[in-house]
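Trainee: One structure, pasted below without further comment.
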Amino acid sequence: MKAVIALTCGYSSEEGRYYVREAYVRCIEAAGGIPLVVPPLQDEGVLQELLRSVDGVLLPGGLDIDPIHFGEEPMEGLGRIEPHWDRLELLAARFALAADLPILGICRGVQVLNVAAGGSLYQDISSQTKGQRVQHSQKAPRWYATHGIKIEPSSLLEEMLGTQTARVNSHHHQAVKTPAPGFKVTATSADGIIECIESENHRFACGVQWHPELMVEYYPEQMEIFRRFVRCAEEMK
Ligand code: MN
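For the sequence shown, the working numbering gives the first residue as 4, with consecutive numbering after it.
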């Protein structure tokens, strides 16, 4: 039996449109899962019912997260936010954590996962950190691995990528500031920005700050993140 993976989709209230990048769908499918695209629904009870029928949750990349969810006022460097998108993904993340459903967060997704579990974010890295910074909003092609990361030995990420140093792409101006209780930092960039967090209490609750779905064609080892995630979801069957 294949695992059904809830893939939350983006939302533009201005355009009245839901959207999701095909690369996420492709990676779930290539890893042996069945992607199920989930939009923000009006009724939280219906959303919960839908989530009860899936085996894993993938939170994709996207816009900024409303800082009200980690108790801060919006700073000048905060980008566009979509309240209904936040509500959908915070609910999905909290549902997955409570049910110990495998959950993978990518870019915005790692930030949502961290906030859902009680952590905080940099609303805007460049205005909130000092000193020489790595370029986290790369101008290189989207798939290209522009900056290095150091990976914690004996972490899930080390197991998946089979290395303690890697290079990743980078398309973010927000980042995890304080990791949520129960989560450990398992990768950082040279400027100390958190690039991966993992739960110590769940079978698979992991978030990466880069975009493996855009890298897999040129860096096939990144596919193992999706494979491991989908395999864990299959075990929920
Ligand atoms: Mn980065």
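Built from N, CA and C at the ideal position, the CB exists for glycine as well.
#1: Name the DSSP bridge partner or partners of V233?
#2: Report the residue ranges of all beta strand (DSSP E) runs contained in full by the stretch 147-226; include only those spanning at least 3 residues, in chain order.
#3: Flag this pair as touching only if the stretch 116-124 and the stretch 22-29 have three or more C-beta atom pairs under 8 Å; answer yes or no.
#4: Determine the direct distance from the alpha carbon of W213 to that of T168, and round the result to whole angstroms.
#5: Where do the N-terminal and C-terminal ends of the beta strand (DSSP E) with I71 fall, by residue?
#6: Between which two residues does the beta strand (DSSP E) holding V23 run?
#7: Please confirm if the stretch 99-108 is in contact with the stretch 56-63, defined as three or more CB-CB distances below 8 Å between the two stretches.
#8: Nearest by alpha-carbon distance to R29: which of G151, F229, R234, M239 is it?
#9: Rounding to the nearest angstrom, what Cα-Cα distance links A34 and P156 in this structure?
Mentor: This is what the structure gives:
#1: Here residue 233 refers to the residue found at position 230 when the sequence shown is read from its first residue. V233 is not bridged to any residue.
#2: 150-154, 168-171, 186-191, 197-202, 208-211
#3: no
#4: For the purposes of this step, residue 168 is identified with residue 165 of the sequence shown, where counting begins at 1. For the purposes of this step, residue 213 is identified with residue 210 of the sequence shown, where counting begins at 1. Answer to the nearest angstrom: the Cα atoms are 14 Å apart.
#5: Indexing the sequence shown from 1 puts residue 71 at position 68. Note, I71: premise wrong, no beta strand (DSSP E); not H, not E.
#6: Locating residue 23 in the sequence shown gives position 20, where the first residue counts as 1. Element bounds for V23: n/a, residue is neither H nor E.
#7: yes
#8: Along the sequence shown, read from residue 1 onward, the residue named residue 29 stands at position 26. The residue with the shortest Cα to Cα distance from R29 is F229.
#9: Here the question's residue 34 lines up with position 31 in the sequence shown. Here the question's residue 156 lines up with position 153 in the sequence shown. Their backbone Cα atoms lie some 25 Å apart in a straight line.
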